[in-house]
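K.L.:
Per the UniProt record's numbering, residue 1 is the first one in the sequence shown, and the count goes up by one each step.
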Amino acid sequence: MNWYVLYTLSYKTSKIINNLNRNKDLTAFAPEYEVCHRKTKEVLIRPMFNNYVFVKTHLNQNEFNDLLLKMREENDGLIKQLKNVDATALTEKEIEFFNLVLNKNYLVKLSHGYQENGKTIITDGPLKLLEEHITKVDKHNQCAYLDLKFFNRRISMGLEI
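(1) Which residues in the same chain as K56 place their Cβ atom closer than 7 Å to its Cβ, once the five residues preceding and following it in sequence are excluded?
(2) Let me confirm a value: P47 is counted as buried when at least 16 other C-beta atoms fall within 10 Å, else exposed. Which label applies?
(3) Should M157 and L129 be called a contact, given that it needs their Cβ atoms to be closer than 7 Å?
(4) Quick one, are the C-beta atoms of T8 and L59 less than 7 Å apart?
(5) Please state if the CB of E74 and the CB of N19 are separated by a distance shorter than 7 Å.
(6) If you compare alpha carbons, which of K139, D147, Y145 and I155 is closest to H37?
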C-alpha cells in the first residue's frame, strides 16, 4: 500500500477529500488528534497537519499522478503533491508510525498520564507506545511534543495530565 501526501488550500481540504474518496481505488483523509480543552475539559478534535491530505492506495506513483491530472478540475484547491524522486511521499517508518497511532477513523485518541520526578508516565492511549519519544509536555495546552519529525515539524499529540 502506497501513501501519498497532498498540500491543499485550507478551505478546500474537505472538498478534495470527498472528491478523492469517490474513487474506489483509494482512501483520502486528514489525520486528526484529540486534545482536552484546559478550561471546560471538553475533548476537541484538531488536525495533526493543517492543509495536508493523506491518500492510501495501491496505485503506483505514475498511476496516482494520472488520476490527479484527470481530477484537476474537481480538485481546484490542490497546491502540490509532496513526493520524493521515485518513491511515495511517506517512508515505511512514517507509515508504521501512522498505523500505530491512528484508529480506523484516522484519529489519534487522547492519552492519559501523570508526571513523577520530572518524567512523564503514560497510563493509556497511543502515547503509551511512544513514551520514550516525548520531549516536552505542555500542561497548559494539554499536549505532548515528540522528538519525531514529520514534514520538518515536531509532532504533537493530546495528553491529559
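Glycine included, every Cβ here is placed at the ideal spot set by N, Cα and C. The model shown is predicted, which means the values in this text are computed figures rather than measured ones.
P.N.:
Result, derived from the coordinates:
(1) Taking the sequence shown and counting its residues from 1, one reaches residue 56 at position 56. Within the same chain, K56 has close Cβ partners M1, W3, L26 and T27.
(2) Here residue 47 corresponds to residue number 47 of the sequence shown, with the count starting at 1. Exposed is the call here.
(3) Counted from its first residue, the sequence shown places residue 157 at position 157. Counted from its first residue, the sequence shown places residue 129 at position 129. It is not a contact, given that the beta carbons lie outside the stated cut-off.
(4) Here the question's residue 8 lines up with position 8 in the sequence shown. Here the question's residue 59 lines up with position 59 in the sequence shown. Contact: no.
(5) By 1-based counting over the sequence shown, the position of residue 19 is 19. By 1-based counting over the sequence shown, the position of residue 74 is 74. Yes, Cβ-Cβ distance for N19 and E74 is below 7 Å.
(6) Counting from one through the sequence shown, the residue named residue 37 turns up at place 37. Ranking K139, D147, Y145 and I155 by Cα distance to H37 puts K139 first.
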